[in-house]
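First residue of the sequence shown? That's 3 in this note's numbering, and the numbers climb one at a time after it.
C-beta atoms are modelled at their ideal positions from N, C-alpha and C, and glycine is treated no differently.
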Amino acid sequence: MNTPKVFIIILNYNGQDFLKKTLTSVFQMEYPNFEIVLVDNNSKDGSFEEARRIFPKIACIKNSENLGFSAGNNIGTEYALERGADYVLLLNYDTVVKKDFLWPLIDLMEKDEKIGIASPVILKNETSNVWFSGGKINWLKMKTEHQENNLKENYFHSDYITGCAMMIKKEVFRRIGLLDEDYFLYWEDADFSVRAKRAGYKLAICAGSQIWHLEKSQEKKANKIYWLVLSGLIFFRKNSPAYLQLWIFVYVFLRKIKNRKDVKRLKNSINESVQKAYRDFRYVK
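Shown next as structure tokens:
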């Protein structure tokens, strides 16, 4: 079997609790032809410096500020494509990969030229519980939904691939470009997936490939909610079918009214984060 060149892009931001474990698992892979590019979004916890010291073989790029998920990964992707990548794997810094996870992905994508993006099955916290095995975009309710699929099948299709582990053929970047940097955090993976599908590519979940997604206990919930709401609004404004545009406008208007009532009834960090997201959305181009 051919062994195409895979560049694994790991974007780090204060990943002290996870990054070393992620990199250790990647270096234990059985696949022979890969390189790791560690892009750091100006971490302050020493995780980038520690990784560079422990793993001297990785290519390291340090940004002077936190550029967000899209822009940070795009820097690594451009680095990879300039150096002859056949595939680019965007991999979260809070994952652990199985030794053989890359082979089934490569095999699946090499056999079907229409599969432009693929993902392993993603399990929770080093258990057998599934975190992601495909998903649907619910255009009416303006949200994504994880699906349960039959893992006995070789692969199955998905409306989108999560950026937690996104394997992308180089041809896809040539056709549709990089991640959209209008998204700072969240929803950029769904946007990229939709653009790829509209360009004629298939999105696949490979049942024979598995990794684990670790729990980010230190993540601030209010900050996460803010970016989920703001980026979701950007996504649906950019990508909703024309026949749903009026409905999207009405739905957002009704949600804003509900949020105002929520803030008046209970002023907490979550409700205020949602309110701020709606307010800031007005200034997004």
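beta-carbon residue i near the ligand GTP non-hydrogen atom, thresh 7 Å
{"i": "V196", "result": "The ligand GTP is not part of the structure shown, which contains no ligands of any sort."}
Buried versus exposed call for residue i [16 or more other C-beta atoms within 10 Å across all chains shown]
{"i": "P34", "result": "exposed"}
{"i": "H215", "result": "buried"}
{"i": "N43", "result": "buried"}
{"i": "L355", "result": "Residue numbering for the chain in the displayed model covers 3 to 287; residue 355 lies beyond these limits and cannot be assessed."}
{"i": "D191", "result": "buried"}
{"i": "F251", "result": "exposed"}
{"i": "G234", "result": "buried"}
{"i": "F103", "result": "buried"}
{"i": "N75", "result": "buried"}
{"i": "I56", "result": "exposed"}
{"i": "L110", "result": "buried"}
Alpha-carbon to alpha-carbon, residue j and residue i
{"i": "R239", "j": "K263", "result": "24 Å"}
{"i": "N16", "j": "V123", "result": "26 Å"}
{"i": "K258", "j": "E147", "result": "22 Å"}
{"i": "W249", "j": "L142", "result": "8 Å"}
{"i": "Y280", "j": "F237", "result": "13 Å"}
{"i": "L21", "j": "P58", "result": "14 Å"}
{"i": "D193", "j": "N241", "result": "7 Å"}
{"i": "N151", "j": "A167", "result": "17 Å"}
{"i": "R284", "j": "Y253", "result": "16 Å"}
{"i": "P243", "j": "E51", "result": "45 Å"}
{"i": "N68", "j": "I77", "result": "12 Å"}
{"i": "D114", "j": "S121", "result": "14 Å"}
{"i": "L91", "j": "R267", "result": "45 Å"}
Best match in the options for proximity to residue i [C-alpha to C-alpha]
{"i": "E128", "options": "Y15, I213, S242, E37", "result": "I213"}
{"i": "F9", "options": "I60, R54, K22, T24", "result": "I60"}
{"i": "I63", "options": "G48, V39, R85, E52", "result": "V39"}
{"i": "T24", "options": "F186, L93, G86, N16", "result": "L93"}
{"i": "G179", "options": "Y185, M168, R197, G165", "result": "R197"}
{"i": "F255", "options": "R177, R267, G165, M144", "result": "M144"}
{"i": "N14", "options": "N270, Q30, T97, D182", "result": "T97"}
{"i": "V276", "options": "E155, N131, N261", "result": "N261"}
{"i": "V231", "options": "Q247, G136, V286", "result": "V286"}
{"i": "E37", "options": "Y228, N65, T79, F20", "result": "T79"}
{"i": "E217", "options": "W133, G48, S66", "result": "W133"}
{"i": "K116", "options": "K7, A167, V174, E150", "result": "V174"}
{"i": "N4", "options": "L125, L107, E183", "result": "L107"}
{"i": "R85", "options": "L268, P6, R267, N270", "result": "P6"}
Neighbour flag for residue i against chain B, beta carbons, 8 Å
{"i": "K23", "result": "The structure shown has no chain B; it contains just one protein chain."}
Beta-carbon proximity of residue i to residue j, cut-off 8 Å
{"i": "K101", "j": "M31", "result": "yes"}
{"i": "I170", "j": "Y95", "result": "no"}
{"i": "I272", "j": "K222", "result": "no"}
{"i": "C208", "j": "Y162", "result": "no"}
{"i": "R177", "j": "A201", "result": "yes"}
{"i": "S49", "j": "Q18", "result": "yes"}
{"i": "A87", "j": "K172", "result": "yes"}
{"i": "I119", "j": "S211", "result": "no"}
{"i": "I11", "j": "A73", "result": "no"}
{"i": "S27", "j": "V99", "result": "yes"}
Same chain, Cβ closer than 8 Å to residue i, neighbours up to 5 away in sequence not counted
{"i": "F1", "result": "The requested residue 1 is not part of the displayed model; the chain covers only 3 to 287."}
{"i": "R54", "result": "L40, I60, C62"}
{"i": "N140", "result": "T146, E147"}
{"i": "L125", "result": "N131, V132, W133, Q212, I213, W214, H215"}
{"i": "D282", "result": "L232"}
Cut-off 6 Å between Cβ atoms - residues of its own chain near residue i, not counting five sequence neighbours on either side
{"i": "L153", "result": "A209"}
{"i": "V265", "result": "N273, Q277"}
{"i": "E183", "result": "S72, A73"}
Neighbourhood of residue i by C-beta, 7 Å cutoff - its chain only, sequence neighbours within 5 removed
{"i": "Y228", "result": "S275, K278, A279"}
{"i": "Q149", "result": "S135, G136, G137, K138"}
{"i": "K46", "result": "N16"}
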